[in-house]
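For the sequence shown, the positions run -34 to -1, 1 to 393 when mature numbering (1 follows the signal peptide of the UniProt record, and there is no 0) is used. C-beta: ideal position from N, C-alpha, C; glycine also. Computed from a prediction, not measured in an experiment: that's the story for all the values here. The structure under discussion appears below in the form of structure tokens.
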Amino acid sequence: MTQSFKGPTPSRRQFLSGAAAAGAGAVAASASGAATPDPKITELQPWATGFGEGVDATPYGMPIEFEDHVIRRNVEWLTADTISSINFTPIHALDGTITPQGCAFERHHSGAIELRKEDYRLMINGLVDRPLVFSYWDLERLPREQHVYFCECAANSGMEWAGAQLNGAQFTHGMIHNMEYTGVPLRTLLQEAGLEAAGDLEDKWIYVEGHDASSNGRSIPMSKAMDDVLVAFKANGEALRKEHGYPVRLVVPGWEGNMWVKWLRRVEVTDAAVESREETSKYTDVLEDGTARKWTWEMDAKSVITSPSPQAPIQHGPGPLVITGLAWSGHGAITRVDVSKDGGKTWETARLAQPGDPKAVARFYLDTTWEGEELLLQSRAIDETGYVQPTKAQLREVRGLNSIYHNNAIQTWHVKTNGEAENVEVS
Ligand SMILES: Nc1nc2c(c(=O)[nH]1)N[C@H]1C(S)=C(S)[C@@H](COP(=O)(O)O)O[C@H]1N2
Ligand SMILES: [Mo]
């Protein structure tokens, strides 16, 4: 039996240890702290002397056990019961832009239901020429599209209105995920049902609801329905997870997460908004004078530094430091992100990992050097409309302190000399 595919051959190991030994005297630690010689390289390690797990061990993989801290978390005191509750994406521990479904935040009003494809139905009714009921497989026969979009709950950062409260980017900004969706444009289904009966579409609405007990009904203007709304059945290449609406959810790009109806059951064409619970008593913004602002569907530009942050302190001491975070806008693409180390007095422009995509999350990096000094880290997003993410003070001036939803203010992390970070506010 041969022993191939196991790792470096003895001769290569000898070569490496020889090289390290020869260089040991001359090689000092590099700027990043990487140094030679290192016994993990020069000495034979257990993982190189036996076999790993066979390919039949893991038909569907989970992250390796060493990553078991990268999980959704909830805040127990926020809600009375987990059935109508929220958990948070571990954004402090992720990189890139795509959120794995397994740790993408969940928000349910009556729990995540289990619905088989064979039991699934989608009805289009109301002011249409032919009311229709689609099966899951009917949807798969229609031309489909693919897009990456963020979904942010309007309540994201809602606990931070009165002052800095939750200590971690996961909790202050983790009601967001960003996925690649595959689905059929809602426009296609509405056209299939025929919109002659609706007459002038300008002032028409749709009312969408889910199969779950809460139904989560929402009104959406027809102009949006005919624009970029998707009836999605895949996310990040695979079927939607149960908790994200399996087998079919609505994707409403750039608009608040509450409108992204999961387990989509019905789309009714109407001549007025329904004014349901989710768009009156909830998901409206109570202003300083007590009046409620409604129809605030779009998510304004926002950003957060994910590392360093309270759950991702600087652990390597002074030297090179990568400051990174996420930025997004419901109005289009992110064009620029600035980072401040002094609480907003001075700003440096960060590097976008890739050009921003419309209504999708962008990743930014500021490659810098940390001398071990205290930092007041902030990030500020700018989108393609020229809109600049506001400070907390600027937002409060317009909105007062009665709001829960739509807090897109600049976040501050106080990084201390030991590298630990804390959620603070600067005035
Ligand atoms: N049918 C149904 N759709 C729903 C909900 C729900 O409880 N039931 N919650 C809404 C809310 S408030 C948000 S923020 C998003 C969250 O989507 P996610 O659970 O995939 O993160 O779904 C929305 N769609
Ligand atoms: Mo939400």
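Collapsed DSSP secondary structure at residue i in the structure displayed
i, result
"Val364", "helix"
"Tyr331", "strand"
"Phe71", "coil"
"Gln277", "coil"
"Asn389", "strand"
"Gly62", "coil"
"Tyr147", "strand"
"Gln131", "coil"
"Trp313", "coil"
"Asn224", "helix"
"Glu118", "strand"
"His287", "Here residue 287 is Leu; the residue named in the question, His, does not match the sequence. Leu287 falls in the strand class under three-state DSSP."
"Ile348", "strand"
"Ser(-18)", "Here Ser(-18) scores only 39 on pLDDT, less than 50, and its place in the model should not be relied on; the value that follows carries that caveat. In this structure, Ser(-18) counts as helix in the three-state DSSP scheme."
"Arg87", "strand"
"Glu111", "strand"
"Ile37", "coil"
"Lys358", "helix"
"His210", "helix"
"Leu253", "coil"
"Ser164", "Ser is not the amino acid found at residue 164; the sequence shown has Ala there. Ala164 falls in the helix class under three-state DSSP."
"Phe(-30)", "With a pLDDT of 32 at Phe(-30), under the threshold of 50, the modelled position of that residue is not reliable, and the figure given next carries that caveat. The answer is coil: DSSP assigns Phe(-30) none of H, G, I, E or B."
"Gly17", "The question names Gly, but residue 17 is Phe in the sequence shown. Coil, per DSSP."
"Glu204", "strand"
"Ile30", "coil"
"Gly124", "helix"
Residue i CB to nearest heavy atom of ligand 1 below 8 angstroms
i, result
"Ser180", "yes"
"Arg73", "yes"
"Ser247", "no"
"Cys69", "no"
"Glu80", "no"
"Gly160", "no"
"Gly223", "yes"
"Ala260", "Per the sequence shown, residue 260 should be read as Lys rather than Ala. Because no heavy atom of ligand 1 lies under 8 angstroms away, the Cβ of Lys260 does not count as near it: no."
"Val150", "no"
Segment limits, alpha helix (DSSP H) that includes residue i
i, result
"Phe137", "135 to 139"
"Lys6", "5 to 8"
"Leu105", "102 to 106"
"Arg153", "152 to 159"
Beta-carbon spacing of residue i, residue j below 9 angstroms
i, j, result
"Asp251", "Ser393", "no"
"Gly165", "Arg96", "no"
"Thr290", "Ile348", "no"
"Gly285", "Ala1", "no"
"Val305", "Leu318", "no"
"Thr378", "Gln355", "no"
"Ile376", "Gly322", "no"
"Thr236", "Lys170", "yes"
"Pro276", "Leu287", "no"
"Val327", "Ala293", "yes"
"Asn374", "Leu132", "no"
"Tyr173", "Gly223", "no"
Span of the beta strand (DSSP E), counted from its first residue to its last, around residue i
i, result
"Met188", "Not the beta strand (DSSP E): Met188 falls in the alpha helix (DSSP H), residues 188 to 191."
"Thr236", "230 to 236"
"Leu93", "Looking at the DSSP string, Leu93 is not in any beta strand (DSSP E), and its letter there is neither H nor E."
"Asp266", "First-last for Asp266: undefined, no H or E at that position."
"Ala239", "That residue, Ala239, is in no beta strand (DSSP E); it is neither H nor E in DSSP."
"Val197", "196 to 201"
"Asp47", "Here Asp47 belongs to no beta strand (DSSP E), and DSSP marks it neither H nor E."
"Thr301", "300 to 306"
"Thr2", "Segment: none, Thr2 is in no beta strand (DSSP E) and carries neither H nor E."
Buried/exposed call for residue i, threshold 16 Cβ in 10 Å
i, result
"Ile30", "exposed"
"Asn384", "exposed"
"His143", "buried"
"residue 405", "With the chain covering only -34 through 393, there is no way to say anything about residue 405."
"Trp103", "exposed"
"Ser295", "buried"
"Val(-8)", "Model confidence at Val(-8) stands at a pLDDT of 43, short of 50, so the residue's coordinates are unreliable and nothing is read from them."
"Ala121", "buried"
"Ala(-11)", "Legend: pLDDT at Ala(-11) = 38, less than 50; position of this residue unreliable, no value from coordinates given."
"Glu234", "buried"
"His282", "exposed"
"Ala179", "exposed"
"Glu204", "exposed"
"Met188", "buried"
"Arg82", "exposed"
"Asp34", "exposed"
"Phe32", "exposed"
"Ala(-13)", "Interpretation of Ala(-13) is limited by its pLDDT of 38, a score under 50 that renders its predicted location unreliable; the figure taken from the coordinates is listed afterwards. So Ala(-13) counts as exposed."
heavy atom of ligand 2 below 8 angstroms from residue i C-beta
i, result
"Met28", "no"
"Ala120", "yes"
9 angstroms Cβ cutoff, residue i in contact with chain B
i, result
"Asn224", "No chain B appears in this structure, which consists of one protein chain only."
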